[in-house]
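A.B. asks: Okay, handing you the structure first.
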Amino acid sequence: MRPKLTLLSDEIIARILAEAYELLLKPGIKVQNEEARELLIREGVVIDPETHVAQIPAPLVQRALESVPREFYLYDYDGNPVVHYGGDSVHFDPGSSGIAMLNPDTLEHETTETEHLVRLLKVAEQISQYDAQSTAVICHDVPKDIQDSYRLYLALLYSKKPIVTGAFTNKTVQEMIDMLSLFAGSPEAAREKPRAIFDVCPAPPLIWSNFGAGNLVQLARAGIPAEIVSVPLAGAAAPVTMLGTVTQHTAECLAGITIHQLANPGAPIVWGGAAAIFDMKKGATPMGAIETAMLDCSYAQVAKTLGMPTHTYLGATDSKLVDAQAGLESGISAMVGALSGINMISGSGMLDFLACHSAEKLVIDAEGIAMAKRMIGGVKQHTDTLATGFYDDKINFKGGDFLKQKITMKLFREEQHLPSDIIDRNSTRQWKEAGSLDAFGRAKVRVKELLASYSRPELDSDQIARLHSYMLDLAKKAGIEELPRLEDYEPA
Amino acid sequence: MSEELEALFKDMAQSIIDGDSDISVELAKKSIEMNIPPLDAITKGFVVGVNYIGDQFGAGEAFLPELVMAGEAMKAAVATLEPELIKLGEARETMGRVVLATVEGDIHEIGKTLVGTMLSASGFEVTDLGVDQPADKIIGKAIEIDASLIGMSALLTTTMVRQREVIEEMDKEGLRPKIKVMVGGAPITRDWATKIKADGYSEDAVGAVKLAKELVGKADA
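Protein sequence lines correspond, in order, to chains A and B.
Position in the first sequence counted from 1, then plus 93, gives you our numbering.
Position in the second sequence counted from 1, then plus 26, gives you our numbering.
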């Protein structure tokens, strides 16, 4: 039996949906993108020409929910379906769009550049708990106009895994779609076996901005998967109650799906978010708060009622260091996400309200993810009798009896998750001999090992050349003649 | 001061502390009926409550909803007294005019709105332009209303650079030091504020009020 966490009754979910449909009519949804408004107006939706507030009727939303795919895959470089968006599949990826990275020696939060993102990509590439990469940090050593496409370019060069990414403008989303098409060989190839998914955010409360809605429309038309990241902040940009916030989240997602499906029925889209409570003392948005995890579990339940693929932001911490707070917030919230059956859980590796990344935290978080995945593996029945069959004639009533059984050797790997050296199960003597390190100290060692053992993926040289030349072209338009030098690659 | 008057001022302060606009408005009306000078009602009554809740917040004893509601109750009370002030030709001494905006490309404004509420509650005349505001709009409004202060917020590191653009533009037009600039937002640090030559920066709304008063030369008010 697979364990599952549910926080809402069927009756409450029905009421959330009913009230979300009411919100779509009153107060309505502010749609700040002209193309999106035109799509809605063509269907007879009433939109105030001054305020751009649209009253989106239920039948139109329901039509969108009928055309939207219930499941789809993201593929790795070799064309294998790796990430399954749908059902109760659970995957993890590092958090996205950090602006700083923890220097493990000085403990400074350094402004991120190319080298930082490359380091994170190399580490995540070798950790099996991460089924996808993310464009984890912004590279401040390239101009602003190419900061989003440049991250995708690096991920394509340093990884074979699927990629969770996102654009910063309506212009650059098209450039990134073109980059994926160019890399895949054609727009059809990029659509048929999508390598990347794009996060797209509405603005709470109940706003689809020019940029957010514009991205939805363009991604739908290209057939490249979109992931709605609705970010209601309970108590500030959404109602203070969890149920109120989940209802607003529902309305924002329903409106987004409607716009998206009107642009191209059947295009893949995910019901996701980074909901959080609003801290009333600090004015902060704590990603490690238990209520944040509870909001995510709740909205995922709503999504599952509609049969939608799901995403959330968990496994992160608000601590500034990879410390005990980081461990408990990240571990507990990753567990909640996994038990909620959320398809893609982003956030691992991140500190400081998603602002700062850490490679050391990524390797520690992988252990929390492994525990969460073991948990949802559940308690299984492997043998006909549960216990009596283990007690044969050779039982001596001694502690080591079961170590001698063949079935122990056969099954222990299935029954037990074998942690990496990040988890300390040494004797005190062994631990002292190994340098008396804490988890962070062990993680520093592990990151160094992973960086040393990394070898860049074997990619087709024509593909690399196409990618380099496209990126260089964008860079020149943005005002620089050369891209930063890359480890493992000849200059473009 | 009569006991009755003292009790009224105390109730006024309490209505702000409780964040109760209905009661603060009612007390403002009562003070008009009692022929209490409206300026006294503000400075001896309501402002005491605002200062108290600000101090409590600074000490970690009060929370943001209490701060915001206190600001709203203050605004409502002052709005009630305003016609009376005008009638008496006795405008409340303004602390200064402030233009607030979230910079271009950024739509995050919870913190900035909070600063606006606290500044108005503290006697500033606040024009809040909202989000996604380009430099020319911010500067144009400041000139139009003869502002002494511009406050800019940004939540994203990708947009915080816009704060520098506004300041550079102001310098180019020779608008400083007549108009002072303060900056804020999650990624903003004192270093950043210094680097872009802002006149000041604050971590939170209560600090922003203190800073604003200093910048307009009324730190003791």
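Quick reminder that beta carbons are idealized off the backbone N, C-alpha and C, glycines included.
Every value quoted in this text rests on a predicted model; they were computed, and no experiment measured them.
1. Would you call the segment 485 to 498 of chain A and the segment 400 to 420 of chain A touching, i.e. three or more CB-CB distances under 8 Å?
2. For a contact meaning CB atoms closer than 7 Å, what does I133(B) contact in chain A?
3. Could you tell me if D158(B) is buried or exposed, where buried requires 16 or more neighbouring beta carbons within 10 angstroms of its beta carbon?
4. Taking Cβ to Cβ, would you say G210(B) is nearer than 8 Å to V141(B)?
5. Compare the Cα-Cα distances from G442(A) to each of L213(A), N489(A), V154(A), Q311(A) and report the closest residue.
6. Which partner residues of W301(A) appear in the DSSP bridge assignment?
7. Am I right that H184(A) and Y166(A) are in contact with their C-beta atoms under 8 Å? What's the rounded C-beta distance?
8. What residue range does the alpha helix (DSSP H) around R284(A) cover?
9. On a CA-only basis, which of D389(A), I435(A), D531(A) is nearest I457(A)? Give me that one, please.
10. Nearest to R559(A) by alpha carbon, out of P152(A), P325(A), A277(A)?
11. Return the CA-CA distance between L399(A) and S529(A), expressed in angstroms with no decimal places.
12. Please confirm if G166(B) has its CB atom under 8 Å from at least one CB of chain A.
13. Quick one: what's M178(B) bridged to in DSSP?
14. Return helix, strand or coil for E203(A), following the three-state DSSP convention.
15. Is there a C-beta anywhere in chain A that falls below 8 Å from the one on D230(B)?
16. Have a look at T205(A) and I165(B) and give me their C-alpha separation to the nearest angstrom.
17. In this structure, how does DSSP classify G80(B) when only helix, strand and coil are distinguished?
18. Just curious, the alpha helix (DSSP H) that I70(A) is in, first and last residue?
19. Output, in chain order, the set of chain B residues within a Cβ distance shorter than 7 Å of F261(A).
20. Excluding the five sequence neighbours on either side, which residues of its own chain have a C-beta within less than 6 Å of the C-beta of E320(A), listed in chain order?
21. In three-state DSSP terms, what is L530(A)?
22. V322(A) to P295(A), Cα distance in whole Å?
23. Just to check my reading of the structure: A368(A) and P325(A) have Cβ atoms closer than 8 Å, yes? What is that Cβ distance to the nearest angstrom?
24. Does any CB atom of chain A fall closer than 8 Å to the CB of P109(B)?
25. From the DSSP output, in three-state form, read off E164(A) for me.
26. Indicate the three-state DSSP secondary structure (helix, strand or coil) for D477(A) in the structure shown.
27. Quickly, what does DSSP pair G191(A) with across the bridge? List them, please.
28. How big is the Cα-Cα spacing for I231(A) and G191(A)?
29. Applying the 10 Å Cβ sphere with the 16-neighbour rule, what's the burial state of H353(A)?
30. So A386(A) packs on L407(A), CB below 8 Å; how close in whole Å?
31. Going by Cα to Cα distance, which pick from M194(A), K123(A), A111(A) is closest to Q155(A)?
32. Going by the CB atoms, is the gap between I149(A) and L117(A) shorter than 8 Å?
33. Helix, strand or coil: how does DSSP classify G572(A) here?
34. Where does L504(A) fall in DSSP's three states?
35. DSSP has D292(A) in a bridge; who is on the other side?
36. Does chain B have any CB closer than 8 Å to the CB of I352(A)?
C.D. replies: Looking at the atomic coordinates:
1. Verdict: no, contact absent.
2. A296, S302
3. buried
4. Yes, the pair counts as a contact, with Cβ atoms nearer than the cut-off.
5. L213(A)
6. In the DSSP output, where bridge partners are listed per residue, W301(A) has V124(A).
7. The pair is not a contact, with the Cβ atoms about 11 Å apart (cut-off 8 Å).
8. 280 to 285
9. D531(A)
10. A277(A)
11. One C-alpha to the other measures close to 51 Å.
12. no
13. A127(B), V209(B)
14. strand
15. yes
16. 32 Å
17. G80(B) falls in the helix class under three-state DSSP.
18. This structure cannot settle anything about residue 70(A), because the visible part of chain A is limited to 94 through 585.
19. Residues of chain B passing the Cβ test: T184.
20. I290, D292, V363, G365, H404
21. coil
22. 7 Å
23. 5 Å
24. For P109(B), no Cβ of chain A is located within less than 8 Å of the residue's own Cβ.
25. Looking at E164(A) - three-state DSSP - the assignment turns out to be coil, as it is neither helix nor strand.
26. coil
27. V230(A)
28. When rounded, the separation of the alpha-carbon atoms in I231(A) and G191(A) is 6 Å.
29. Buried, by the Cβ-count rule.
30. 6 Å
31. A111(A)
32. yes
33. coil
34. helix
35. Partner(s): E320(A).
36. no
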